[in-house]
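Trainee: If you count the sequence shown from 1, you need to add 70 to reach the working numbering.
We put the CB at the ideal spot given by N, CA and C, even for glycine.
Predicted model, so just to flag it, every value in this text is computed and none were measured.
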Amino acid sequence: MEPKKGLPKDFNLRFDKGYVEELVNEKIQAKVIELNVRDIVTDPNQPRKTFNEESLKELAESIERHGVLEPILVRKVGTKYMIVAGERRYRATLLLKKDTIPAIVIDPKSDSIVREIQIVENLQREDISPIERAKAIYEYLKPYAKDKNVKTLLINYRMGRNVPEDFALTVSALCKAIGKTPITLIRWISLLDLPEDIQKKIDDPNSPLTSRHVESLLKVKDLDVIKKVVKIIEENELSSHDVANVVNTFKHFKPATLKGAIKNVENTINLIDFIDDKNRKNLKEELKTLKDLVNELEDKLGD
Numbered sequence: 071m072e073p074k075k076g077l078p079k080d081f082n083l084r085f086d087k088g089y090v091e092e093l094v095n096e097k098i099q100a101k102v103i104e105l106n107v108r109d110i111v112t113d114p115n116q117p118r119k120t121f122n123e124e125s126l127k128e129l130a131e132s133i134e135r136h137g138v139l140e141p142i143l144v145r146k147v148g149t150k151y152m153i154v155a156g157e158r159r160y161r162a163t164l165l166l167k168k169d170t171i172p173a174i175v176i177d178p179k180s181d182s183i184v185r186e187i188q189i190v191e192n193l194q195r196e197d198i199s200p201i202e203r204a205k206a207i208y209e210y211l212k213p214y215a216k217d218k219n220v221k222t223l224l225i226n227y228r229m230g231r232n233v234p235e236d237f238a239l240t241v242s243a244l245c246k247a248i249g250k251t252p253i254t255l256i257r258w259i260s261l262l263d264l265p266e267d268i269q270k271k272i273d274d275p276n277s278p279l280t281s282r283h284v285e286s287l288l289k290v291k292d293l294d295v296i297k298k299v300v301k302i303i304e305e306n307e308l309s310s311h312d313v314a315n316v317v318n319t320f321k322h323f324k325p326a327t328l329k330g331a332i333k334n335v336e337n338t339i340n341l342i343d344f345i346d347d348k349n350r351k352n353l354k355e356e357l358k359t360l361k362d363l364v365n366e367l368e369d370k371l372g373d
């Protein structure tokens, strides 16, 4: 078999695992050129919208020491070269005030192929934000959903039900490319069901709210309850484990379950004469906690 030379004739990323990495790692010297940064422009439709300044500085320091280890991918647009993949490397190079950057010029057949490359590259980043990731997956799968709901099709695919063939092939290739399962894609996309203000909080590095918190909250299905729990998370900085417990309790809670607690107290009263001093002390501490909880519950119930 002859070794690969240049770009393959059929530039179709969704059926080729790790295509971007394979393309760049071939190190074909004839394809790698030094481009003047003044001749490069960013893509306004790039799925990635935010760039962490601290992360860019760290990348710039690495480039200063080792150079740009992986060329950026660009395509010719008029007299300029528009970035297809590698905008972080480009921005870090600008921070260093360097004049050139190594690049590979590609000639994709359509804008949809460019978008595929960008989305898969973004999904393979470690620092992608939860909402950016969810939007990237959604935008990647939407063209193959045939105007049907992407999340519903993902659920059907996972359950082995019939879905459009192109959609099934794309999901399979995507899962292999990023090393995730369909259930993970469903969980990520579910974040887009939330109001925009909560989505912003999930992506806000200063907010205690994370995608793991919300993954538990989405099981509630009641937006008003979700908003209330989000407020509690922010005020008390609950862990995702705490929120999972709250949600589980909420889903299975019935006011009648308090009758069990009342019955236990009644039984304890009847047995108090048979309880030793050590357990009496423990009971006093638990009784204080119970009183505090009852008072708090009464306050929350109101008049």
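1) Run through DSSP, which three-state label would V154 get?
2) In its own chain, which residues sit with a C-beta less than 8 Å from the C-beta of Q99, not counting the 5 before and 5 after it?
3) In the DSSP assignment, the beta strand (DSSP E) including S147 goes from what residue to what residue?
4) Have a look at A204, L193, Y210, I174 and flag the residue whose alpha-carbon is nearest the alpha-carbon of E186.
5) Starting from M215, trace the alpha helix (DSSP H) in both directions and tell me its first and last residue.
6) Let me know the secondary structure DSSP gives D80 once reduced to three states.
7) On the CB-based measure, 16 or more other CB atoms within 10 Å of its CB, does L261 come out buried or exposed?
8) So, do the region 143–154 and the region 105–114 have three or more beta carbon pairs nearer to each other than 8 Å?
9) Looking only at C-alpha atoms, which of P275, K297, N276 sits nearest to V284?
10) What does N106 pair with, by DSSP beta-bridge criteria?
11) Between Y160 and P114, what straight-line distance do the alpha-carbon atoms span, to the nearest angstrom?
12) Under three-state DSSP, which class holds V335?
13) Could you check what DSSP says for V313 in three-state terms: helix, strand or coil?
14) Measure from the alpha carbon of I176 to the alpha carbon of each residue in L165, I201, V147, then state which is nearest.
15) Mind checking whether E307 and P278 have CB atoms under 8 Å apart?
16) Under three-state DSSP, which class holds V138?
17) For E134, count neighbouring C-beta atoms within 10 Å of its own C-beta (all shown protein chains included) and say buried if the count is 16 or more, exposed if not.
18) Can you give the Cα-Cα distance for K370 and N349, rounded to whole angstroms?
19) On the CB-based measure, 16 or more other CB atoms within 10 Å of its CB, does K354 come out buried or exposed?
20) On the three-pair Cβ rule with 8 Å, is the region 314–322 touching the region 286–296?
21) For R231, is the classification buried or exposed, using 16 other Cβ atoms within 10 angstroms of its Cβ as the cut-off for buried?
22) Pull up the CB-CB distance for I174 and P141, whole angstroms please, since I reckon it's below 8 Å.
23) In whole angstroms, what is the alpha-carbon distance linking Q188 and R118?
24) Could you check the C-alpha separation between K218 and S125 for me, to the nearest Å?
25) For V175, which residues does DSSP report across the bridge?
26) Report the residue from K127, Q116, T280, L193 whose alpha carbon sits nearest the alpha carbon of V144.
27) Expressed to the nearest angstrom, what Euclidean distance is found between the alpha-carbon atoms of W258 and I198?
28) Can you name, in chain order, every residue of its own chain whose Cβ lies under 8 Å from the Cβ of G372, other than the five neighbours on each side?
29) State yes or no: is the C-beta of S242 within less than 8 Å of the C-beta of R282?
30) Buried or exposed: where does V364 fall if 16 or more other Cβ atoms within 10 Å of its Cβ makes it buried?
31) Note down the Cα distance separating A204 from L264, rounded to an integer number of angstroms.
Mentor: In short:
1) strand
2) With a pLDDT of 44 at Q99, under the threshold of 50, the predicted position of this residue should be treated as unreliable, though the coordinate-derived value follows. Cβ neighbours of Q99 beyond the five flanking positions: none.
3) One detail in the question is off: residue 147 reads as Val in this sequence, not Ser. Taken as a continuous stretch (DSSP letters only), the beta strand (DSSP E) holding V147 covers 142–147.
4) Y210
5) In the sequence on display, residue 215 carries Ala and not Met. Counting along the chain, A215 falls outside any alpha helix (DSSP H), and DSSP gives it neither H nor E.
6) In this prediction, D80 scores a pLDDT of 38, lower than 50, which makes its location untrustworthy; the coordinate-derived value is nonetheless stated afterwards. Three-state DSSP puts D80 in coil, outside helix and strand.
7) buried
8) yes
9) K297
10) T170
11) 15 Å
12) helix
13) helix
14) V147
15) yes
16) coil
17) exposed
18) 31 Å
19) exposed
20) yes
21) exposed
22) 5 Å
23) 8 Å
24) 38 Å
25) V144
26) Q116
27) 12 Å
28) none
29) no
30) exposed
31) 12 Å
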